[in-house]
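In what follows, a single structure is set out as structure tokens and then discussed.
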Amino acid sequence: MTLYVLVKFLHVLGAIVILGTGTGIAFFMLMARRTSDVAFIARTASVVVVADTIFTLSAVLLQPVTGGLLMMLSATPITEHWLLASLALYAIAGLFWIPVVFMQIEMRDLARKAAAQRSALPQRYFVLFRRWFAFGFPGFGATMLILWLMIAKPF
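Quick note: the sequence shown uses my numbering, first residue 17, plus one each step.
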């Protein structure tokens, strides 16, 4: 296996982890919310925060490193239009993902508190949940477009 193939494998693996973890997190948060079971929502949100920290964060940090190495190893200039578009979309995805992390932490904390007090979720949880859900579309959409650009290199 060449260094290029190894780095490309790691880069693709990072993309898979970002997309897979993002999809899984969204699914489990939505399914937990649908139950209206405060304790279950609290446990799910706790796991989501851990998963986002371990998997998404490590992949998000790995992507620019492996991408930069791939550029260097393949002599791809940063001026390639598909690459510039990918980098812009990566920044957009980050602008939506970073606030989502803080929303998830606050939702977890609100749900834990409500579960401990055996009370209903506060209105703030639902405000954050709607915002979290809305932020997912541009963040995830940007990530999907990046994947398409990496594969198709259309321009």
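For glycine and all other residues, C-beta sits at the position ideal for the given N, C-alpha and C. From a predicted model like this one, the values you see are computed outputs, not experimental measurements.
Supposed contact pair residue j and residue i - C-beta distance, whole angstroms, cut 8 Å
{"i": "Q120", "j": "D68", "result": "6 Å"}
{"i": "T159", "j": "A109", "result": "5 Å"}
{"i": "L165", "j": "S102", "result": "5 Å"}
Distance CB(residue i)-CB(residue j) smaller than 8 Å
{"i": "G155", "j": "W113", "result": "yes"}
{"i": "A31", "j": "L163", "result": "yes"}
{"i": "T72", "j": "I34", "result": "yes"}
{"i": "T92", "j": "L85", "result": "no"}
{"i": "A1", "j": "A127", "result": "Only positions 17 to 171 of the chain appear in the structure, and residue 1 is not among them; the question remains open."}
{"i": "P138", "j": "A150", "result": "no"}
{"i": "G152", "j": "A42", "result": "yes"}
Own chain, CB closer than 7 Å to residue i, minus 5 neighbours either side, in chain order
{"i": "T82", "result": "V23, L26, H27 and G30"}
{"i": "V117", "result": "D68"}
{"i": "L19", "result": "L89"}
Sequence-distant residues of its chain with Cβ nearer than 6 Å to residue i (five each side left out)
{"i": "L77", "result": "none"}
Cβ shell of residue i (< 8 Å), same chain only, five flanking positions each side left out
{"i": "R49", "result": "I57 and F145"}
{"i": "V63", "result": "F44"}
{"i": "G40", "result": "A67"}
Length-filtered (4 minimum) alpha helix (DSSP H) runs lying within the region 71-127: 73-90
Which ranges does the alpha helix (DSSP H) cover as unbroken runs of at least 4 residues, wholly within the region 24-71, from first to last along the chain? 54-67
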